[in-house]
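Trainee:
Protein chains in written order, with the working numbering: chain A, 1 to 62; chain B, 63 to 310; chain C, 311 to 530.
Given below as structure tokens:
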């Protein structure tokens, strides 16, 4: 362990603001693009499913 | 060499199923490696005697910078593949990876700038490395912009392919010119990363972060490509089967 | 059609075209990058020049935005609809202009701290920069609108438009950069800001009417 205590860890010896803001922004961006990619895929699947189910329902009854 | 894998890659259907099988795994493995590396680097790596604790930013800065460059390389090669082999998947790859590369570039720039404040006393320095990542970011924005500007998919694909090939050819020229420009202006010379004697406790977590972030990128790119395929191939039967069967 | 519905539809158009907003932001970034690369990246050059560089890029961005403001509407007939709608044309033009102004200025203002730190502008001067942008950009938009309206029906009107309105832009740029330089050397800059505000107000009074006259002429 490079730090004596948790508060030392947070402070990072006067560089805390820099380190944590970098990690915060970066993780936010990485999580952001992951979430956007996953939800885009899911909503596209949902949209297509609705479309093809809709088409099935409009087929003339046999 | 067996080129079958290469041609398989060109088949949307093959790729879609491959991605279904592997992308989640790759993503989770990548994220785990990355988090492992970060936690190791944040908590356990010894403090740098010159820079103090701010050097820990390296665990974000270096992987993102490497990925920003690699993604563009992959994007450019994809453009060449599209021109030479007319592979359908290539423009889809370009469209999918560009935003990820842009995000990596932003992370690299921000982490570099914030790292710069305690290290050189200023938020921004027009040095070779940061400037070339900035130009890289603008190149990414160009690719994204041009793909969003055309309504016709074929046109936008062609445009994206052209610009990514042009960008790839220009990339070494840009890098060289920025390096040369830098030698003229000689701002604060520093080399955060070129520290040959980084002890293992410092560079092993870095390795984890780099590999982890690469795998993360592969995973997310796969999902984006699948989404793009769902949009483009929506009329095909295999997509319809996918959508109705899978509960993804 | 009411004034409110027109304003709302213009807003919707801009919001839908997010790529355009991103493009103008990247454009700013590119210009900010161009000066250090082309001249001198040291803070001794950039700091005194920062205000001017940001104002140059703002001017160019506004010119680009204003140039295409009426084109599409002219070509697809909706401009004619506005003219014969019975509503007061100068006010409609003002509304359209306001939407464009928001679309260009808001992103710029949000990113201005980033650009000013890349150009080594001191934080204390940032507020002066923002004031000059807020007070001076309406003038640029308003005057630009007259130019756009004048050259509406010309096919290669862009360069002509620039030629016509750039002389009118000079006072705005001079006073805006003057204010920033004065602030940087610790002098009083309120005079310059007041003049900027006066130019904008004068433009506000004259431009919509002049632009309306030009548009009506081009339509007929």
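Note that beta-carbon positions come from the ideal geometry of N, C-alpha and C, so glycine has one too.
Nothing here was measured: the structure is a model prediction, and the numbers come from that model.
Would you list the residues sitting across from residue 110(B) in a DSSP beta bridge?
Mentor: Answer is 114(B), bridged to residue 110(B).
Trainee: Using only the alpha-carbon positions, how far apart do residue 321(C) and residue 376(C) sit?
Mentor: Their Cα atoms are separated by approximately 16 Å.
Trainee: Does the region 472-485 of chain C touch the region 506-519 of chain C, meaning 3 or more C-beta pairs lie closer than 8 Å?
Mentor: Counting Cβ pairs under 8 Å, three or more are found: they touch.
Trainee: Among 404(C), 471(C) and 504(C), which residue has its Cα nearest to the Cα of residue 458(C)?
Mentor: Among 404(C), 471(C) and 504(C), the Cα nearest to that of residue 458(C) is on 471(C).
Trainee: In terms of alpha-carbon separation, which member of 302(B), 297(B) and 277(B) lies closest to residue 159(B)?
Mentor: The candidate whose alpha carbon is nearest that of residue 159(B) is 277(B).
Trainee: Mapping the DSSP letters down to three states, classify residue 367(C) as helix, strand or coil.
Mentor: In the structure shown, residue 367(C) sits in a helix (DSSP, three-state: H, G or I).
Trainee: Express the C-alpha separation of residue 214(B) and residue 282(B) in angstroms, rounding to a whole number.
Mentor: Going from the Cα of residue 282(B) to the Cα of residue 214(B) covers about 25 Å.
Trainee: Could you pull the start and end residues of the alpha helix (DSSP H) that residue 340(C) belongs to?
Mentor: Counting along the chain, the alpha helix (DSSP H) containing residue 340(C) begins and ends at 328-348.
Trainee: So, helix, strand or coil for residue 429(C), using DSSP?
Mentor: Coil at residue 429(C), not helix or strand.
Trainee: For residue 207(B), would you say it is in contact with chain C, using Cβ-to-Cβ distances shorter than 7 Å as the test?
Mentor: With 7 Å as the cut-off, residue 207(B) counts as an interface residue toward chain C.
Trainee: Distance cutoff 7 Å, beta carbons only. Does residue 210(B) sit that close to anything in chain C?
Mentor: Judged by the 7 Å Cβ criterion, residue 210(B) is in contact with chain C.
Trainee: Interface residues of chain A around residue 274(B) at Cβ under 9 Å?
Mentor: What residue 274(B) touches in chain A: nothing, since even the nearest Cβ is about 11 Å away.
Trainee: Residue 343(C) touches chain B at which residues, Cβ-Cβ below 9 Å?
Mentor: Within 9 Å Cβ-Cβ: 188, 193, 196, 197 and 200.
Trainee: Under 7 Å, Cβ to Cβ, is there at least one residue of chain A near residue 297(B)?
Mentor: No, because no Cβ of chain A sits closer than 7 Å to the Cβ of residue 297(B).
Trainee: Determine whether the Cβ of residue 434(C) lies closer than 7 Å to any Cβ atom of chain B.
Mentor: By this cut-off, residue 434(C) is not an interface position.
Trainee: Starting from residue 285(B) and walking both ways along the alpha helix (DSSP H), at which residues does that stretch end?
Mentor: Per DSSP, residue 285(B) belongs to the alpha helix (DSSP H) from 262-294.
Trainee: Quick check: the region 281-301 of chain B against the region 71-88 of chain B, are there 3 or more CB pairs under 8 Å?
Mentor: Yes, the region 281-301 of chain B touches the region 71-88 of chain B.
Trainee: Can the beta-carbon of residue 242(B) be found less than 7 Å from the beta-carbon of residue 351(C)?
Mentor: No, these two residues do not count as a Cβ contact at 7 Å.
Trainee: When you compare the CB of residue 346(C) with every CB in chain B, is at least one pair closer than 7 Å?
Mentor: Yes, residue 346(C) lies at the interface with chain B (some Cβ there is under 7 Å from its Cβ).
Trainee: If you follow the alpha helix (DSSP H) that residue 17(A) is in, where does it begin and where does it stop?
Mentor: Its alpha helix (DSSP H) spans residues 16-57.
Trainee: Going by C-alpha distance, which of 362(C), 311(C) and 338(C) is nearest residue 483(C)?
Mentor: Answer by Cα proximity: 362(C).
Trainee: In three-state terms, what does DSSP make of residue 68(A)?
Mentor: Since the first and last residues shown for chain A are 1 and 62, residue 68(A) lies out of range.
Trainee: Can you look up residue 250(B) in the DSSP assignment and give me helix, strand or coil?
Mentor: Since pLDDT at residue 250(B) reaches only 44, below the 50 mark, its modelled position is unreliable, and no value is offered.
Trainee: Grab me the residues of residue 258(B)'s own chain with a C-beta within less than 8 Å of its C-beta, minus the 5 sequence neighbours each way, in chain order.
Mentor: Per-residue confidence for residue 258(B) stands at a pLDDT of 47, beneath the threshold of 50, marking its modelled position as unreliable; no derived number is given.
Trainee: Please go through the same chain and pick out, in chain order, the residues whose beta-carbon is closer than 6 Å to the beta-carbon of residue 406(C), but skip the five residues on each side of it.
Mentor: Hits under 6 Å: 320.
Trainee: Quick check on DSSP: helix, strand or coil for residue 398(C)?
Mentor: Three-state result, residue 398(C): coil.
Trainee: Quick one: grab the DSSP three-state call for residue 242(B).
Mentor: Three-state DSSP puts residue 242(B) in a helix.
Trainee: DSSP on residue 161(B), reduced to helix/strand/coil?
Mentor: It is helical.
Trainee: Give me, in chain order, the residues of the same chain whose beta-carbon lies closer than 6 Å to that of residue 44(A); leave out the 5 immediate sequence neighbours on both sides.
Mentor: Hits under 6 Å: none found.
Trainee: Would you say the region 259-276 of chain B touches the region 103-121 of chain B, given that touching needs at least three Cβ pairs under 8 Å?
Mentor: The region 259-276 of chain B vs the region 103-121 of chain B: in contact.
Trainee: Does the Cβ of residue 166(B) have 16 or more other Cβ atoms within 10 Å, making it buried, or fewer, making it exposed?
Mentor: Buried, because 16 or more other Cβ atoms sit within 10 Å of the Cβ of residue 166(B).
Trainee: Could you please give the first and the last residue of the uninterrupted alpha helix (DSSP H) stretch that includes residue 134(B)?
Mentor: Segment 120-147, the alpha helix (DSSP H) holding residue 134(B).
Trainee: Of all the options 348(C), 358(C) and 528(C), which has the alpha carbon lying nearest to the alpha carbon of residue 492(C)?
Mentor: Nearest option by C-alpha distance: 358(C).
Trainee: Can you list, in chain order, the residues of its chain with a C-beta nearer than 8 Å to that of residue 291(B)? Leave out the 5 residues immediately preceding and following it.
Mentor: Closer than 8 Å at the Cβ level, and outside the excluded window around residue 291(B), lie 74, 77, 78, 154 and 301.
Trainee: Would you call residue 354(C) buried or exposed, if buried means 16 or more other Cβ atoms sit within 10 Å of its Cβ?
Mentor: Classification for residue 354(C): exposed.
Trainee: For residue 125(B) and residue 222(B), I'd like the C-alpha separation in whole angstroms.
Mentor: The alpha-carbon atoms of residue 125(B) and residue 222(B) are separated by roughly 26 Å.
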